[in-house]
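Colleague: Pasting in a structure now, in structure tokens, and then I'll have a few things to ask.
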Amino acid sequence: MKNRVSRSSSSPASLLLSMAAPRSLVVDTGRLLTRDEEMNLGLTPGAEDSPTGKRYKEGKFPLSRWEFAAALGVFVVFSVGLFSIYLTMPAAEYGKLKLPRSLSDLRILKDNIGTYAKVYPAKFILGYCSTYIFMQTFMIPGTIFMSLLAGALFGVLKGLILVVFNATAGASSCFFLSKLIGRPLVSWLWPEKLRFFQAEIAKRRDKLLNYMLFLRITPTLPNLFINLASPIVDIPFHIFFSATLVGLIPAAYITVKAGLALGELKSVKDLYDLKTLSVLFLIGFISILPTILKRKKIYE
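Reading the sequence shown from the start, the letters are residues 1 to 300 in the UniProt record's numbering.
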């Protein structure tokens with residue numbers, strides 16, 4: 001129920017009292033709070049409609065000190081582990097390492113570390129996996145370049161296995177990080193999208209795996225949002241994991257295969273043309289077909 005204040009709140013004294021009173025003490029006697037009054041009470045308008053039961057003030061960082069400290073602690077642990085792996089590499093390779101931000105960066109990186117990957121395959125794969133999972137966990141852009149690199153260095157089959165493993169592990173790590181501190185952050189960044197996602201999940205509880213497969217296969221929702229929002233809307237981890245492991249295969253195959261012709265690729269956007277998107281949506285439709293057929297039988 002929306003908060004209300006008494007008609008007498010129009011007087012300066014009562015308005016001051018309502019501004020100072022906690023949310024639970026506002027009297028429900030007749031008038032909806034205005035936007036200004038809600039802001040004065042420390043609320044964001046429409047808080048009750050939020051998927052998490054409250055909203056956060058615009059412009060205010062949503063994490064508490066404890067949540068921020070927890071996130072920073074996890075980041076430091078991951079960073080120390082990644083840096084330790086980095087130190088195991090020969091000093092001559094240090095200057096050749098750089099996270100690619102463009103296709104030209106990726107081509108240079110491939111040329112620089114191609115020999116190292118062949119001479120020290122175990123060390124390279126350890127470093128590659130750690131970097132990929134780190135980027136996926138902390139939502140660092142650029143994993144698509146890492147997927148292209150896997151195809152360029154290892155071919156389609158090995159590259160596909162490597163990418164699907166890392167993408168699933170990184171998404172799972174992001175899932176648990178969001179379970180720890182993600183609720184206020186996602187509610188702050190994407191309140192409308194989170195509300196939509198929660199409503200869709202609630203309607204599809206009986207066939208949740210099919211729906212999650214559809215989301216993973218198709219670009220309906222960004223994978224970053226799915227990773228962060230899934231624990232908040234109570235998607236069980238085993239369903240999240242299974243849908244991620246299987247659902248990422250088609251897109252990973254397209255990206256890894258494109259890595260074989262890295263020199264001919266002009267733009268990352270070329271990976272997902274109309275034909276490719278049509279195929280992904282067709283596969284995604286097949287994944288939710290059992291749900292559609294079940295609903296049709298119910299209504300017949």
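Cβ coordinates follow ideal geometry from the N, Cα and C atoms, glycine included.
Count Cβ pairs between the region 166 to 173 and the region 243 to 252 that sit closer than 8 Å; are there 3 or more?
Modeller: Yes, they touch.
Colleague: Can you tell me whether DSSP reads W190 as helix, strand or coil?
Modeller: Reduced to three states, the DSSP call for W190 is coil.
Colleague: Rounding to the nearest angstrom, what Cα-Cα distance links A252 and L209 in this structure?
Modeller: Their Cα atoms are separated by approximately 19 Å.
Colleague: Looking at the ligand ZN, does it come within less than 6 Å of S242, judged from the CB to the closest heavy atom?
Modeller: This structure simply doesn't include the ligand ZN, nor any ligand for that matter.
Colleague: What is the C-beta distance between M135 and G142, in whole angstroms, given that I count them as a contact (C-beta under 8 Å)?
Modeller: Correct: roughly 6 Å between the Cβ atoms.
Colleague: Compare the Cα-Cα distances from P236 to each of R205, L215 and G263 and report the closest residue.
Modeller: Ranking R205, L215 and G263 by Cα distance to P236 puts R205 first.
Colleague: Could you check the C-alpha separation between F78 and L180 for me, to the nearest Å?
Modeller: Cα to Cα, the separation comes out at about 16 Å.
Colleague: Kindly confirm or deny that the region 251 to 265 and the region 137 to 155 touch, where touching means at least three C-beta pairs closer than 8 Å.
Modeller: Contact between the region 251 to 265 and the region 137 to 155 is present, because at least three Cβ pairs lie under 8 Å.
Colleague: Rounded to whole angstroms, how far is the Cβ of A229 from the Cβ of F197, which I believe are closer than 8 Å?
Modeller: Correct: roughly 5 Å between the Cβ atoms.
Colleague: Looking only at its own chain, which residues have a Cβ that is under 6 Å from the Cβ of F281, when we skip the five neighbours before and after it?
Modeller: Same-chain partners within the cutoff: T218.
Colleague: Taking the alpha-carbon positions, what's the I140 to P222 distance?
Modeller: The alpha-carbon atoms of I140 and P222 are separated by roughly 14 Å.
Colleague: Put S287 into one of helix, strand or coil per three-state DSSP.
Modeller: Of the three classes helix, strand and coil, the one that applies to S287 here is helix, per DSSP.
Colleague: Would you mind working out which of L149, K266, V164 and T276 sits nearest L260, comparing C-alpha positions?
Modeller: Here the closest residue by C-alpha is L149.
Colleague: Tell me the DSSP secondary structure of P222 in three-state form.
Modeller: Coil at P222, not helix or strand.
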